[in-house]
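This report refers to the structure that appears directly beneath it.
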Amino acid sequence: MKKRSWIQIVIRIAEPYQDLLAGLLALFGFTGFIQDPNALTCVIPKQKWNGRSINKFDSLLSKFKLEFPSLDVSYTPVVVHEENWNKKWEKQTDIL
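Adding 46 to a residue's 1-based position in the sequence shown gives its number in our numbering.
Put into structure tokens, the structure is as follows:
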């Protein structure tokens, strides 16, 4: 069985703006949003992260920066491979 890969993107953005940005990113196929005070993390299937989607993503962030010029918005993409976390946990834990 082929393992799926995802692009995990950490967007450094202030918390009050994260819900709005997450809603916009969901329209582009991003999922799995995690919020913390200084960043919004989201994922998209690797096969959907291509030249066209990267350009759309960059365009969206540029428009977001124009709307909120005081924000410093930057991001870092990382490839994440599917993993059976339950199996990994079972190996590391003494089960009674």
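In this text, a Cβ means the ideal position worked out from N, Cα and C, and glycines have one as well.
Length of the line joining the Cα atoms of residue i and residue j
| i | j | result |
| --- | --- | --- |
| L67 | E128 | 25 angstroms |
| I53 | W95 | 7 angstroms |
| V124 | I55 | 6 angstroms |
| R50 | T77 | 15 angstroms |
| Q144 | I100 | Limits of the chain in this structure are 47 at one end and 142 at the other, which puts residue 144 out of reach. |
| S108 | D118 | 11 angstroms |
| K111 | E136 | 44 angstroms |
| T122 | P115 | 20 angstroms |
Exposed unless 16 or more other CB atoms sit within 10 angstroms - verdict on residue i
| i | result |
| --- | --- |
| V89 | buried |
| Q93 | exposed |
| I59 | buried |
Opposing strand residues paired with residue i [DSSP bridges]
| i | result |
| --- | --- |
| R58 | A85 and S120 |
| T77 | V89 |
Closer than 8 angstroms to chain C by CB, residue i
| i | result |
| --- | --- |
| V125 | Included in the structure is just one protein chain, with no chain C present. |
Nearest residue (CA-CA) to residue i, options the options
| i | options | result |
| --- | --- | --- |
| F74 | Y121, D118, D104 and D82 | D104 |
| S120 | D65, T87 and L70 | T87 |
| K102 | D65, L70 and E61 | L70 |
| Q81 | K133, V126 and E61 | E61 |
For this session: Write down every uninterrupted run of the beta strand (DSSP E) in the segment 90-131 whose length is 3 residues or greater and which is fully enclosed by it, in chain order.
Result: 120-127
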